[in-house]
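Undergrad: One structure, as structure tokens, below. Some questions next.
Protein chains in written order, with the working numbering: chain A, -7 to 246; chain B, -7 to 246.
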């Protein structure tokens, strides 16, 4: 029952930050979590969890000596944050990642989230950044918490190994300066990537809020704006799709 | 009350197809719909709809002489399909689009959905295809209904003007053959687009199911597989992100 209380508490960002813990919900996320290197405190399973899923999660948990607690459906739902969480969640330790511990290769791409608010978008962006080989994803204030259960779920395991962490503008600026990383920004009116000329060896791309785009602070700090030309009868691309296209277009060329 | 009954009925695909009607939910989708050229039968508003939203939708509806019906919150929820639908929906006529009415320019890109099942993904893909200038999006059997309320909502208005329609493999094959459109398929193991050589003037890209990828039928019919190289510790890209990158990479070059 302690695990149940803990999971309920961890729906609040403050509680997650204070305890250094987060919740992964759904069979896929729990399975990915148990295969990761992160310490897992326990698994909470609803009695209505499908038998095959129960067996899969149970085997993975046993392999790592992680306790599995069965609870009533109603108790489970009182702790779950996402819709249709399939009746399983796990509580784990969030990795203590620090900007100054990130070791960048000579040629690197980074992603900067400047006020992206939809957890599904942020999760998809993290999955995309990891898939396309970004060295890290840095979330600025105004961005949804990276350890929000819906972000964890949409990231499909990417959060467990990709270097994703939150930082302030000051910390980011010091890091980019020290590591000689150039900062570009994504904006619908920016230069198309194929016309943007030579890419810096180390490049960070900042993407902004779903509705408002990049913040004033970001606009002051970027050295260049890149964007994708779109049809006049469409307002915008989805931010995760635009980020994917730009990261791919700006990938290091061999 | 007739509109309420109608909206409830239209949650079923069969009812949508029989009546040639669909439902748009949420302020954004209803507003986009009222700005489109599609005939709108009526707007259903919950009494808890925010006053500014009520005013916005009311003004747009009046401009088009569309009746607005107010109902109790519980009645509204009995008709709404998406989560948090903001208390407003509209019933409209789905355009009667036909493959043989699509006029292709000399250089064209088309998108083919081969069993894409998540409505959010399909909506985002439609928005992306419209934004990147695809001439049409053709949905094969096994793909979620294009007029599902969650697809309509995620498409952000793209469905109202982009040539999106459902067809069979036979209809698609006859159309591609007659219009001299080459069919390529998206597959993680396919050739990266920048190595795929010269693009045909008219090219259709088929994208497959979120888990299983392209169907056996699609694999038989495509002349080439293209795909994006991803990091070894990530299973896949989200299908909407992958579609966006491939469509952009395969865009006609001037």
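Even for Gly, the Cβ is constructed at its ideal location relative to N, Cα and C. Since we're looking at a predicted model, the values are computed, not measured.
1. With distance defined between alpha-carbon atoms, name the residue in B:172, B:65 and B:238 nearest to residue 120 of chain B.
2. Can you pull the chain B residues whose beta carbon is under 7 Å from the beta carbon of residue 237 of chain A, in chain order?
3. Starting from residue 166 of chain B, follow the alpha helix (DSSP H) in both directions and report where the run begins and ends.
4. Strictly under 7 Å for the Cβ-Cβ distance: is residue 113 of chain B near chain A by that measure?
5. Taking the alpha-carbon of residue 244 of chain B as reference, which of B:191, B:106 and B:222 has the nearest alpha-carbon?
6. Counting along the chain, where does the alpha helix (DSSP H) carrying residue 1 of chain A start and finish?
7. Pull out every residue of the region 209 to 228 of chain A whose Cβ sits closer than 8 Å to any Cβ of chain B, in chain order.
8. Taking all protein chains shown into account, do 16 or more other C-beta atoms lie within 10 angstroms of the C-beta of residue 137 of chain B, making it buried, or fewer, making it exposed?
9. Kindly indicate if chain E contains any beta-carbon less than 7 Å away from that of residue 196 of chain B.
10. Is the shortest distance between the beta-carbon of residue 153 of chain A and the beta-carbons of chain B less than 7 Å?
11. Hey, how far is the Cα of residue 189 of chain B from the Cα of residue 169 of chain B?
12. Considering only residues of the same chain and omitting the five flanking positions on each side of residue 5 of chain A, which have a CB-CB separation below 6 Å?
13. Identify whether residue 204 of chain A lies in helix, strand or coil by the three-state DSSP scheme.
14. Under 7 Å Cβ-Cβ, which residues of chain A neighbour residue 233 of chain B?
15. Could you confirm whether any beta carbon from chain B is found closer than 7 Å to the beta carbon of residue 125 of chain A?
16. Checking 7 Å against the spacing of the C-beta atoms, do residue 145 of chain A and residue 21 of chain A come in under that value?
17. Give the straight-line distance between the Cα atoms of residue 183 of chain A and residue 211 of chain A, rounded to the nearest whole angstrom.
18. Suppose you measure from the CA of residue 129 of chain B to the CA of residue 126 of chain A; what does that come to, to the nearest Å?
19. Measuring CA to CA, which of B:65, B:61 and B:87 is closest to residue 25 of chain B?
20. Residue 20 of chain A lies in the alpha helix (DSSP H); which residues open and close that run?
21. Does DSSP put residue 76 of chain B in a helix, a strand or coil?
TA: Taking the definition as stated:
1. B:238
2. 236, 237 and 240
3. 161 to 170
4. no
5. B:191
6. -6 to 1
7. 220, 222, 223, 225, 226, 227 and 228
8. buried
9. In the displayed structure, chain E is absent; the protein chains listed are A and B.
10. yes
11. 22 Å
12. 137
13. coil
14. 116, 120, 232, 233 and 236
15. yes
16. yes
17. 14 Å
18. 31 Å
19. B:87
20. 19 to 27
21. coil
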